Amino acid sequence: MLKLHTASDCQKRDKVGGVHMEPGLRERKKAATRKALSEAAMELAMRHGVGNITAESIADAADVSPRTFHNYFSSKEEAIVAVVADNAGEMIEAFRARPPEEPVWDALENALVGLFETPDQTDDEQIARLVFIRENAPLMARELAALQEMMHELAGLVALRSGTDADADLYPNLQAQTACMCAMVAVDRWLADPRGASPAELTRQAFAQVRAGLPEPGSHRPANDDVHR
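To convert, note that position 30 of the sequence shown is 30 in full-length UniProt numbering; the numbers rise steadily by one, no gaps.
So, in structure tokens, the structure goes:
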């Protein structure tokens with residue numbers, strides 16, 4: 001839906017350098033700064049090791065002040081993991097954007113697959129970063145914490161969509177957590193065999209197997225139409 005700005009909206013804009021900025025632009029600038037910091041953190045950590053970098057060195061690499069760094073991140077570990085953990089927010093927004101009449105499981109699948117089909121990095125870059133995180137316990141803990149937060153928020157959205165209660169019902173939590181586990185298993189399989197199926201394809205396969213009731217291997221294989229739906 002197109003939002004028309006009212007006079008009061010215009011009065012709420014900030015003035016920076018003599019130019020009025022829409023709140024949307026201000027948010028994009030904040031997102032760009034956050035991404036620059038997280039990219040710098042990941043690059044420095046992979047080059048020098050997590051223990052050999054500081055918030056100050058990350059800020060310097062991103063051409064911002066240490067104070068700005070601490071406005072966005074509480075630690076260097078959080079900044080490093082943000083390169084992949086921020087996908088959680090994209091997943092939430094992708095799920096929100098799915099058609100309301102779409103079944104919940106299909107909406108979760110299509111939202112996740114859509115993220116995999118539009119990566120910011122090449123396969124080699126993604127693999128290197130994911131492996132780096134998995135080989136560093138503090139970073140992996142940060143990533144899992146971000147995943148837990150995403151599953152909690154996603155369960156709330158599933159509850160709204162299905163008329164259930166995320167605090168009392170199993171359904172929204174099972175849907176959200178199972179969907180995220182499908183994606184995690186797909187990524188793990190991809191990392192084990194990068195020349196095989198893509199993360200998007202593996203995620204489709206994982207969702208199809210769950211949709212079919214996780215039949216034992218050999219007893220039933222999802223049809224191609226189910227896998228690639």
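Using N, Cα and C, we set each Cβ at its ideal position, and we do this for glycine too.
The structure displayed is predicted, hence computed values, not measured ones.
- Completely contained beta strand (DSSP E) runs for the UniProt DNA-binding region "H-T-H motif" (54 to 73), where each covers 3 or more residues: none
- Item | Residue span of the alpha helix (DSSP H) that contains ALA200, given as start and end | 199 to 211
- Message: Which runs of the alpha helix (DSSP H) at least 4 residues long sit entirely within the segment 95 to 149? Give them in chain order.
- Response: 104 to 117 and 123 to 134
- Query: So which of ALA97, PRO138 and LEU108 has the shortest CA-CA distance to THR178?
  - Reply: LEU108
- Decide if ALA159 is buried, meaning its Cβ has at least 16 other Cβ atoms within 10 Å, or exposed. buried
- Task: Return yes when the Cβ of THR33 is within less than 9 Å of the Cβ of VAL64, no when it is not.
- Result: yes
- Task: May I ask you to report which of helix, strand or coil DSSP gives PRO172?
- Result: helix
- Is it true that the CB of ALA183 sits closer than 9 Å to the CB of THR164? no
- Message: Need the endpoints of the alpha helix (DSSP H) that GLU78 sits in, please.
- Response: 76 to 85
- Message: Can you give me the C-alpha to C-alpha distance between GLU135 and ASP60, rounded to a whole angstrom?
- Response: 26 Å
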